[in-house]
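Chains A and B supply the protein sequences, listed in that same order.
All you need for our numbering is the position in the first sequence, starting with 1, plus 3.
All you need for our numbering is the position in the second sequence, starting with 1, plus 523.
From the three backbone atoms N, C-alpha and C, an ideal C-beta is built for every residue, glycine too.
Worksheet for the structure shown next.
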Amino acid sequence: MNTFIADIGHTLTMLKWAAVLHVRRWSRYRADVALWIGSIWLTILAQGLFVFSAYQATGGQFFGYSQKEVVAFFGLTLFATGLAQIVVHGFTLRLANVVWRGDFDFWLLHPIHFFLRVFLEDVGIVWFWPHVLVGTSLVAWTLPSSMWLTAFIAGIAAAAIEVGIIISVCMPAIKWGRWNPDEGLWEYLERSRSIPVGRTKNMWLLIVSCGVLQYSLALEVLTGGMSLIVLISIAMASLAIAWILASYFIRTYTSASS
Amino acid sequence: MFVLNGVLPVVVPLLAWIALSQSVDNFQVEGWSIDQFITYYVVTFIIFALSFTSVHSQISTLIHTGQLNFWLLRPVNMLEFAISFSAARFAVMSIFCAVIVIFLQVLGFSIFTSWTQILVALTVLPLSIVLLLLLTICIGMISFWLIEAEGAFAAILLFLQFFGGLILPLSLFPYWIQPLAAILPLRFAFGMPAEAIVNGSFADVPIILFGQCAWIHIIYLFTVFLWQRGLQQYDAVGA
Numbered sequence: 004m005n006t007f008i009a010d011i012g013h014t015l016t017m018l019k020w021a022a023v024l025h026v027r028r029w030s031r032y033r034a035d036v037a038l039w040i041g042s043i044w045l046t047i048l049a050q051g052l053f054v055f056s057a058y059q060a061t062g063g064q065f066f067g068y069s070q071k072e073v074v075a076f077f078g079l080t081l082f083a084t085g086l087a088q089i090v091v092h093g094f095t096l097r098l099a100n101v102v103w104r105g106d107f108d109f110w111l112l113h114p115i116h117f118f119l120r121v122f123l124e125d126v127g128i129v130w131f132w133p134h135v136l137v138g139t140s141l142v143a144w145t146l147p148s149s150m151w152l153t154a155f156i157a158g159i160a161a162a163a164i165e166v167g168i169i170i171s172v173c174m175p176a177i178k179w180g181r182w183n184p185d186e187g188l189w190e191y192l193e194r195s196r197s198i199p200v201g202r203t204k205n206m207w208l209l210i211v212s213c214g215v216l217q218y219s220l221a222l223e224v225l226t227g228g229m230s231l232i233v234l235i236s237i238a239m240a241s242l243a244i245a246w247i248l249a250s251y252f253i254r255t256y257t258s259a260s261s
Numbered sequence: 524m525f526v527l528n529g530v531l532p533v534v535v536p537l538l539a540w541i542a543l544s545q546s547v548d549n550f551q552v553e554g555w556s557i558d559q560f561i562t563y564y565v566v567t568f569i570i571f572a573l574s575f576t577s578v579h580s581q582i583s584t585l586i587h588t589g590q591l592n593f594w595l596l597r598p599v600n601m602l603e604f605a606i607s608f609s610a611a612r613f614a615v616m617s618i619f620c621a622v623i624v625i626f627l628q629v630l631g632f633s634i635f636t637s638w639t640q641i642l643v644a645l646t647v648l649p650l651s652i653v654l655l656l657l658l659t660i661c662i663g664m665i666s667f668w669l670i671e672a673e674g675a676f677a678a679i680l681l682f683l684q685f686f687g688g689l690i691l692p693l694s695l696f697p698y699w700i701q702p703l704a705a706i707l708p709l710r711f712a713f714g715m716p717a718e719a720i721v722n723g724s725f726a727d728v729p730i731i732l733f734g735q736c737a738w739i740h741i742i743y744l745f746t747v748f749l750w751q752r753g754l755q756q757y758d759a760v761g762a
């Protein structure tokens with residue numbers, strides 16, 4: 004019991020230090036943080052403009068979705084991706100570099116659970132709080148209040164799927180230190196997530212968008228095309244796959260000191 | 524990683540347009556047919572692949588690690604270094620782009636349906652590549668003033684790609700944003716050359732060439748200015 008309380012205390016201390024460190028980083032590197040947030044929002048605006056132009060150009064025949072559904076999709080995507088990136092941002096940034104430098108042993112030797120690193124490496128809320136705020140506002144603006152709870156649960160489920168996908172894609176870095184998909188993955192997610200492809204019959208578009216289908220599925224939940232239970236089940240499966248992959252790679256990890 | 528970074532950002536909007544065209548009868552958007560869309564995105568991808576060399580990251584690394592000292596002591600100009608770095612990448616990416624074009628030909632899709640298109644491409648592409656190279660060198664110079672320049676790089680490069688027409692043809696932009704795209708040099712790097720190649724017409728080529736030459740001169744002078752000011756700013760152990 005005493006050991007359990009000590010572990011919890013240690014964990015909470017590490018979380019507090021992480022929050023202080025990364026929030027203080029905001030003031031220490033204000034220009035750089037502002038530039039990054041600016042870049043992220045430029046990407047979102049570019050994607051929004053693409054969807055807007057495509058919607059206008061096709062005379063509203065945008066994969067069968069109405070204007071409100073498209074805006075709700077955009078808001079839901081922002082909300083869900085903000086949540087997901089808040090969780091995994093630091094983890095994906097640093098995992099490959101930590102393994103390559105040989106510091107992964109320290110991660111494994113710390114008394115806190117390995118997956119808590121997902122929260123400790125960076126407090127992603129510094130970077131992604133605008134996503135959650137703007138996404139929530141768009142969803143609340145376009146959907147009736149009776150659908151808000153469903154929308155936010157669907158958003159959380161989509162965020163969980165994205166977390167599972169990102170962790171699964173990044174985990175091989177434990178075995179192959181040169182595997183560093185962080186930048187490419189972020190680019191892919193930012194460019195692809197704004198187009199609702201749930202109703203397209205184009206196989207290639209579905210294949211290329213497979214990493215961002217969770218948002219289209221969440222939209223289908225809101226439009227009544229899919230059950231929320233199915234989306235939550237997919238989220239749990241995604242996290243389970245990430246857990247299994249992580250366990251495998253950690254168990255098979257070797258280094259000069261182990 | 525090139526597939527994620529370079530290919531997917533172009534492939535995804537292209538496939539989205541193809542999927543939209545399949546759900547709409549007689550698909551025409553501002554005079555663009557779906558074949559023209561495909562040609563446009565392939566051409567902009569080729570321009571991007573041939574010209575985007577990430578030399579700005581190389582310059583940034585040299586500045587931040589202090590290795591620039593070695594280059595300053597050598598009789599090699601930074602511009603020569605950037606050009607040689609880019610030429611090497613250009614040689615490799617030319618092979619990749621040739622494979623893409625041949626692959627599309629095998630699938631039955633021809634990017635170039637006439638000799639005029641090929642001649643237009645040979646006329647406008649070289650200066651597009653030079654323009655983008657100078658822009659990336661210019662961006663790399665920011666590292667003299669910023670400790671962490673990756674955010675600035677990302678913002679500027681995204682700005683380049685969007686207002687250059689890499690994500691969406693410039694003529695499809697909303698009317699209120701087109702004036703901004705019109706005054707930037709990027710339209711002469713991606714959008715206008717790609718549209719000229721798609722149309723297979725020499726009508727706009729003089730304007731494109733004039734714009735490219737003018738902006739190359741302006742950006743070159745600005746790059747030299749930044750380099751000289753940056754060196755005054757630069758500190759390193761032993762310098």
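Integer Cβ distance of residue i from residue j, believed to fall under 8 Å
i	j	result
A/Ala-83	A/Tyr-218	6 Å
A/Ala-154	A/Leu-225	6 Å
A/Phe-118	A/His-92	Wrong, their Cβ atoms sit about 15 Å apart, outside the cutoff.
B/Gly-714	B/Gly-753	That pair is no contact at about 30 Å.
A/Val-200	A/Leu-209	6 Å
B/Ile-731	B/Phe-711	6 Å
B/Leu-695	A/Leu-45	Contact flag wrong, Cβ pair sits at about 18 Å.
B/Ile-541	A/Asn-205	6 Å
A/Gly-2	A/Gln-88	Past the edges of chain A, shown from 4 to 261, lies residue 2 of chain A, and the structure says nothing about it.
Distance between residue j and residue i (C-alpha atoms, nearest Å)
i	j	result
A/Ile-11	A/Ile-237	31 Å
B/Leu-654	B/Tyr-743	9 Å
B/Ser-724	B/Val-643	7 Å
B/Leu-543	A/His-113	52 Å
A/Gly-167	A/Cys-173	10 Å
B/Pro-598	B/Val-578	19 Å
B/Ile-570	A/Asp-108	44 Å
B/Ala-762	B/Trp-594	With a pLDDT of only 47 at B/Ala-762, under the threshold of 50, the placement of this residue in the model should not be trusted; the figure read from the coordinates follows. Taking the straight line joining both Cα atoms gives about 12 Å.
B/Leu-656	A/Arg-202	41 Å
A/Pro-211	B/Leu-537	As written in the sequence, residue 211 of chain A is Val, which differs from the Pro given in the question. Near 11 Å, if we compare the C-alpha coordinates of B/Leu-537 and A/Val-211.
A/Leu-248	A/Trp-179	14 Å
A/Ala-57	A/Ser-195	14 Å
A/Ala-240	A/Ser-250	15 Å
A/Ile-169	B/Asn-722	41 Å
B/Phe-748	A/Ser-42	26 Å
B/Ala-611	A/Leu-222	46 Å
B/Val-566	A/Ala-243	42 Å
B/Phe-733	B/Ala-719	14 Å
B/Val-535	B/Ile-606	31 Å
A/Glu-190	B/Leu-591	30 Å
B/His-587	A/Leu-188	26 Å
B/Tyr-698	B/Ile-557	22 Å
Reduced DSSP secondary structure (H/G/I, E/B, other) of residue i
i	result
A/Phe-66	coil
A/Trp-20	helix
A/Val-166	helix
A/Trp-179	coil
B/Tyr-757	coil
B/Val-535	helix
B/Phe-745	helix
A/Ser-261	Model confidence at A/Ser-261 stands at a pLDDT of 47, short of 50, so the residue's coordinates are unreliable and nothing is read from them.
A/Val-172	helix
B/Val-552	strand
A/His-200	Note that residue 200 of chain A corresponds to Val in the displayed sequence, not to His. Residue state, collapsed to three classes: coil.
A/Thr-226	coil
B/Phe-560	helix
A/Gly-187	helix
A/Ser-212	coil
Closest residue to residue i among the options (Cα-Cα distance)
i	options	result
B/Phe-568	B/Cys-620, B/Ser-666, B/Gln-590	B/Cys-620
A/Asn-100	A/Asn-183, A/Val-233, A/Ile-198, A/Lys-204	A/Asn-183
B/Gly-589	B/Ser-666, B/Pro-716, B/Ala-614, B/Leu-691	B/Ser-666
A/Trp-144	A/Ala-163, A/Gly-127, A/Asp-106, A/Glu-72	A/Glu-72
B/Tyr-757	B/Pro-697, B/Met-664, B/Pro-692, B/Ile-739	B/Met-664
B/Thr-576	B/Ser-617, B/Phe-685, B/Val-624, B/Leu-538	B/Ser-617
A/Met-133	A/Ala-37, A/Ser-230, A/Arg-181, A/Trp-246	Reading the sequence as shown, one finds Pro at residue 133 of chain A and not Met. Residue A/Ala-37 is the option with its Cα nearest to A/Pro-133.
A/Val-90	A/Val-129, A/Ile-177, A/Gly-67	A/Val-129
B/Glu-671	B/Ser-580, B/Val-533, B/Val-565	B/Ser-580
B/Ala-614	B/Ser-583, B/Ala-572, B/Gly-631	B/Ala-572
B/Thr-639	B/Ile-679, B/Ala-726, B/Ile-561, B/Leu-669	B/Ala-726
A/Arg-254	A/Leu-111, A/Leu-152, A/Trp-151	A/Leu-111
A/Thr-257	A/Ile-177, A/Gly-67, A/Leu-231, A/Val-233	A/Ile-177
Chain-ordered chain C contacts of residue i [CB-CB under 8 Å]
i	result
B/Val-653	Here the protein chains are A and B, and chain C is not one of them.
With a floor of 4 residues, list each alpha helix (DSSP H) that falls wholly inside the stretch 692 to 735 of chain B, ordered by position along the chain.
701 to 706, 714 to 722
Could you tell me which whole alpha helix (DSSP H) segments of length 4 or greater appear in the stretch 587 to 675 of chain B?
591 to 596, 601 to 629, 638 to 663
Taking the runs of the alpha helix (DSSP H) that are 4 residues or longer, which of them lie wholly in the stretch 87 to 115 of chain A?
107 to 112
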